[in-house]
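Working notes, structure below.
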């Protein structure tokens with residue numbers, strides 16, 4: 004496996020009669036794109052808006068954010084298992100429209116702990132500063148579902164539409180010469196290769212069974228993860244469409260964009276290239292629904308890290324809400340017991356801002372903890388100059404927002420490693 | 014800036030342990046460490062009053078002392094209250110902590126003290142106060158007073174106070190958010206590399222440790238016991254009459270089951286946002302197993318089922334909250350003469 008990313012920088016979006024990259028301006032034929040997405044009868048209509056970096060604009064609630072990418076000919080499929088057959092991702096060349104994203108809106112917030120505005124795309128002001136998404140151009144996809152299409156059917160349609168739009172845009176540059184290319188140095192659990200360097204693995208949860216996956220909810224190669232055991236993935240499989248986010252993310256969120264640009268995998272790659280460590284591979288795991296399920300998953304994940312990857316060290320992340328901390332901690336504890344050193348990244352669960360409420364586990368060997376903040380960061384925000392939402396009611400709600408919490412801004416808090424907001428003890 | 018300073022009998026110059034019983038005395042101007050404090054602050058700050066009290070008197074008459082000190086501080090129109098430094102003097106530390114807390118909360122005037130980390134005053138008051146880390150040794154007086162003055166200046170001016178390692182105070186056990194240069198991914202990899210290479214690293218959250226809860230004595234004869242069902246799975250009667258929050262619940266409820274042999278889904282709802290409630294909604298007995306327990310009651314295997322079950326929602330709830338909920342429930346359990354409780358969670 005040897006993925007090459009061919010970057011085509013985008014610095015402006017423009018409505019046009021055809022979709023093509025003119026210099027660094029992406030011309031988009033939205034009628035053509037709308038026609039493509041409306042092939043799915045779940046939609047009554049779809050509207051598009053362009054948003055520029057730092058623009059006085061708020062859009063939401065965000066369903067997903069995707070980087071436009073398309074595979075070159077004779078490479079692996081685009082988003083295998085969802086848009087194509089579930090063959091191994093990460094092969095060959097992927098064309099990337101860098102500096103932009105396709106952002107799909109929800110018709111209403113998914114509910115749960117984030118309040119009625121859900122997570123928003125905030126493009127300017129102090130709340131936007133902490134998010135990588137405010138630096139991008141966005142093609143905002145605003146769906147209107149056909150009558151009777153709600154729940155999982157609507158979610159599936161929005162998921163597929165976002166990915167299709169992303170591939171469609173990048174397809175326009177598939178025969179252009181890229182501005183820049185990057186080929187990842189091989190990662191291999193096999194040969195020692197790099198004597199003296201610690202062998203480091205990544206263990207990432209991709210789903211939490213706090214809720215049952217919808218039957219056709221694509222997460223891993225189009226599969227909804229039900230019945231799945233932890234599985235070895237090459238890092239390029241994460242970066243190249245093998246994994247997308249679940250419909251619900253909670254506590255910090257996760258977006259497909261940050262699987263494609265996975266902050267932990269790219270950081271491990273960077274250090275692998277720099278000769279600081281030996282990146283030996285990754286394990287995708289899930290958080291269990293009960294103790295039996297949890298033990299089974301944690302032991303299987305730890306065994307893969309120990310026996311298949313032969314790692315000296317592992318970094319672990321969780322997905323979803325509070326309970327997945329237990330799976331994260333138990334997996335790390337098993338690794339530590341096997342002599343594999345770990346660091347773990349957890350969500351901010353301390354609502355009373357006390358250290359005693361900050362962790363959902365207490366294993367003394369888990370003493371390397373990255374703690375994402377978020378629960379007490381709020382900004383007073385002026386009315387947004389431009390509001391983009393799927394319905395007038397939600398638009399009104401977003402326009403009226405005077406205070407935004409860190410948990411409500413996509414990218415400010417994040418479970419994939421992108422956040423720069425941490426909690427400090429005082 | 015007008016400062017009122019509290020000292021014990023020793024630092025206040027009255028005498029040693031033999032004077033530990035002396036009552037509160039009021040002295041105009043600065044005494045002992047107060048002079049150093051004044052010097053450190055420089056122009057524009059004065060210790061207008063020094064309050065001196067013996068250590069034994071202070072701990073034995075704490076309420077009375079607190080009221081008197083509050084009165085003095087109010088009367089002196091103070092901008093700042095300073096107590097100590099107390100180093101490792103335990104009674105002094107406890108008094109200084111209590112007085113600083115009272116001045117801060119009752120009068121809204123910033124207060125600073127200093128103690129050795131193991132001073133019993135620290136555990137009692139660390140969360141609410143900025144307590145400068147004084148070490149044990151009074152030879153470090155100058156340095157300690159310097160830190161107290163630096164911190165006090167910021168508090169009096171309403172400026173942001175830095176972290177313990179920056180300002181020299183003892184960790185309060187609280188957390189706050191801060192934006193940092195490195196992403197969590199970079200920090201995560203930094204940390205594991207340091208750990209695997211046996212280099213020093215700083216965890217962002219200390220590992221918590223809790224006192225183990227002692228296992229209670231078993232029920233002598235369960236066939237004669239009164240049994241209660243308690244859940245944190247958020248099962249509540251339709252309409253959620255006590256408005257138990259689905260997350261970080263501050264309330265619990267007691268719900269009548271005296272006439273029921275099992276629980277019907279249509280009578281209940283689930284106020285809990287952290288698990289898939291569909292199975293419980295379909296049959297609440299799967300969370301609060303009244304059906305099985307009634308069977309055991311009929312067979313004589315258990316004595317009696319209490320006529321109510323207790324319920325709250327155990328999602329994302331801070332310990333400060335759950336401690337209170339637990340205590341209130343335990344009081345109810347005792348009041349009802351219950352012998353055994355079955356706790357079910359999700």
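Residue numbers (the working numbering), protein chains in the order written: chain A, 4 to 429; chain B, 14 to 359.
Even for Gly, the Cβ is constructed at its ideal location relative to N, Cα and C.
Is residue 179 of chain B helix, strand or coil when you go by DSSP? Note: residue 179 of chain B maps to helix in three-state DSSP.
Check whether chain A comes within 8 Å of residue 176 of chain B, counting only Cβ atoms and requiring the distance to be less than that. Yes, its Cβ sits closer than 8 Å to a Cβ of chain A.
So the candidates are A:284, A:178 and A:32; which of them puts its Cα closest to the Cα of residue 96 of chain A? Closest option to residue 96 of chain A, Cα to Cα, is A:178.
Take every Cβ of the region 188 to 201 of chain B, pair it with every Cβ of the region 258 to 270 of chain A, and state whether three or more of those distances are shorter than 8 Å. Judged by Cβ distances under 8 Å, the region 188 to 201 of chain B makes contact with the region 258 to 270 of chain A, as three or more pairs qualify.
Taking the continuous beta strand (DSSP E) assigned at residue 241 of chain A, which residues delimit it? Careful: residue 241 of chain A lies outside any beta strand (DSSP E), inside the alpha helix (DSSP H) at 238 to 242.
Span of the beta strand (DSSP E) around residue 28 of chain A: Counting along the chain, the unbroken beta strand (DSSP E) around residue 28 of chain A starts and ends at 28 to 31.
Let me check one thing: in DSSP terms, what residues is residue 7 of chain A bridge-paired to? Under DSSP, the beta-bridge partners assigned to residue 7 of chain A are A:96 and A:186.
Is there a Cβ of chain B sitting closer than 8 Å to that of residue 414 of chain A, yes or no? Answer no: the Cβ-Cβ gap between residue 414 of chain A and chain B never drops below 8 Å.
Might you give, ordered along the chain, the residues of its own chain that have their beta carbon closer than 8 Å to the beta carbon of residue 354 of chain B, omitting 5 neighbours on each side? Cβ contact annotation for residue 354 of chain B (same chain, cutoff 8 Å, sequence separation greater than five): 240, 241, 242, 243 and 346, in chain order.
Assigned secondary structure, residue 35 of chain B (DSSP; H/G/I helix, E/B strand, else coil): Residue 35 of chain B: coil per DSSP, three-state reduction.
Checking 8 Å against the spacing of the C-beta atoms, do residue 332 of chain A and residue 366 of chain A come in under that value? Yes.
Residue 365 of chain A touches chain B at which residues, Cβ-Cβ below 8 Å? Listed along chain B, the residues sitting closer than 8 Å to residue 365 of chain A by beta-carbon distance are 220, 221, 222 and 223.
Report yes or no: is there a C-beta of chain C within less than 8 Å of the C-beta of residue 217 of chain A? In the structure shown, chain C cannot be found, because the protein chains are A and B.
What would DSSP say about residue 257 of chain B, mapped onto helix, strand or coil? Per DSSP, reduced to three states, the secondary structure at residue 257 of chain B is coil, with no helix or strand assignment.
Residues of chain A with a CB under 9 Å from the CB of residue 208 of chain B: which are they? From the beta-carbon of residue 208 of chain B, the residues of chain A found nearer than 9 Å are 316, 344, 345, 346, 370 and 371.
Compute the distance between the beta-carbons of residue 379 of chain A and residue 340 of chain B, then report whether it is under 8 Å. For residue 379 of chain A and residue 340 of chain B, no; Cβs fall outside 8 Å.
Can you tell me where the alpha helix (DSSP H) holding residue 320 of chain B begins and where it ends? Counting along the chain, no alpha helix (DSSP H) covers residue 320 of chain B; the unbroken beta strand (DSSP E) around it starts and ends at 317 to 324.
Assumed close pair residue 144 of chain A, residue 165 of chain A - CB separation to whole angstroms, cut-off 8 Å: Right, their Cβ atoms sit about 6 Å apart.
Beta carbon proximity, residue 424 of chain A to chain B, threshold 8 Å: Yes, because at least one Cβ of chain B sits closer than 8 Å to the Cβ of residue 424 of chain A.
Pull out every residue of the region 370 to 390 of chain A whose Cβ sits closer than 7 Å to any Cβ of chain B, in chain order. Under the 7 Å Cβ criterion, the region 370 to 390 of chain A contributes 370, 371, 372, 373, 374, 375, 376, 377, 379 and 380.
How about residue 140 of chain A and residue 106 of chain A: are their beta carbons less than 8 Å apart? Cβ atoms of residue 140 of chain A and residue 106 of chain A: not closer than 8 Å.
DSSP state of residue 65 of chain B, grouped into three classes? Note: residue 65 of chain B maps to strand in three-state DSSP.
Excluding sequence positions up to five away, which residues of its chain have a Cβ less than 6 Å from the Cβ of residue 53 of chain A? If the five residues before and after residue 53 of chain A are omitted, its C-beta is found closer than 6 Å to the C-beta atoms of 16, all from its own chain and listed in chain order.
Are the CB atoms of residue 124 of chain B and residue 68 of chain B within a distance shorter than 8 Å? The criterion of a C-beta distance shorter than 8 Å is not satisfied by residue 68 of chain B and residue 124 of chain B.
For residue 19 of chain A, which residues of its own chain have a beta-carbon under 7 Å away from its beta-carbon, when the five flanking residues on both sides are left out? Sequence-distant Cβ neighbours of residue 19 of chain A in its own chain, meaning closer than 7 Å and more than five residues away, are 30, 31 and 32.
Which residue comes first and which comes last in the beta strand (DSSP E) that contains residue 60 of chain A? 60 to 62 is the span of the beta strand (DSSP E), which, as asked, contains residue 60 of chain A.
For residue 259 of chain A, three-class secondary structure by DSSP: Assigned with DSSP and collapsed to three states, residue 259 of chain A falls in coil, not helix or strand.
Under a CB-based cut-off of 8 Å, is residue 116 of chain A close to chain B? Legend: pLDDT at residue 116 of chain A = 40, less than 50; position of this residue unreliable, value from coordinates given subsequently. By this cut-off, residue 116 of chain A is an interface position.
Write down the C-beta distance between residue 184 of chain A and residue 322 of chain A rounded to the nearest angstrom, noting that I regard them as a contact closer than 8 Å. With 8 Å as the limit, residue 184 of chain A and residue 322 of chain A do not qualify as a contact, their Cβ atoms being about 31 Å apart.
Check distances from the C-beta atoms of the region 251 to 276 of chain B to those of chain A and list, in chain order, the residues that come in under 8 Å. Of all residues in the region 251 to 276 of chain B, 260 and 261 have a Cβ within less than 8 Å of some Cβ in chain A.
Which term fits residue 310 of chain A, buried or exposed, when burial requires 16 or more other beta carbons within 10 angstroms of its beta carbon? Residue 310 of chain A counts as exposed, since fewer than 16 other C-beta atoms from the protein chains shown sit within 10 angstroms of its C-beta.
Whole angstroms are fine: how far does the CA of residue 112 of chain A sit from the CA of residue 118 of chain A? For residue 118 of chain A, the predicted structure reports a pLDDT of 45, less than 50, and the residue's modelled location is therefore unreliable. A value from the coordinates is still provided. Distance between residue 118 of chain A and residue 112 of chain A, taken at the CA atoms: about 8 Å.
DSSP on residue 266 of chain B, reduced to helix/strand/coil? Look at residue 266 of chain B here: in three-state DSSP terms it is strand.
6 Å Cβ shell around residue 237 of chain B - same chain, five flanking residues per side excluded: Cβ neighbours of residue 237 of chain B beyond the five flanking positions: 316.
Flag residue 355 of chain A as yes if its beta-carbon sits less than 8 Å from any beta-carbon of chain B, otherwise no. Cβ-Cβ to chain B under 8 Å: yes for residue 355 of chain A.
Counting only runs that start and end within the region 173 to 234 of chain A, where is the beta strand (DSSP E) found for 3 or more residues in a row? The region 173 to 234 of chain A contains these whole beta strand (DSSP E) runs: 183 to 186 and 202 to 211.
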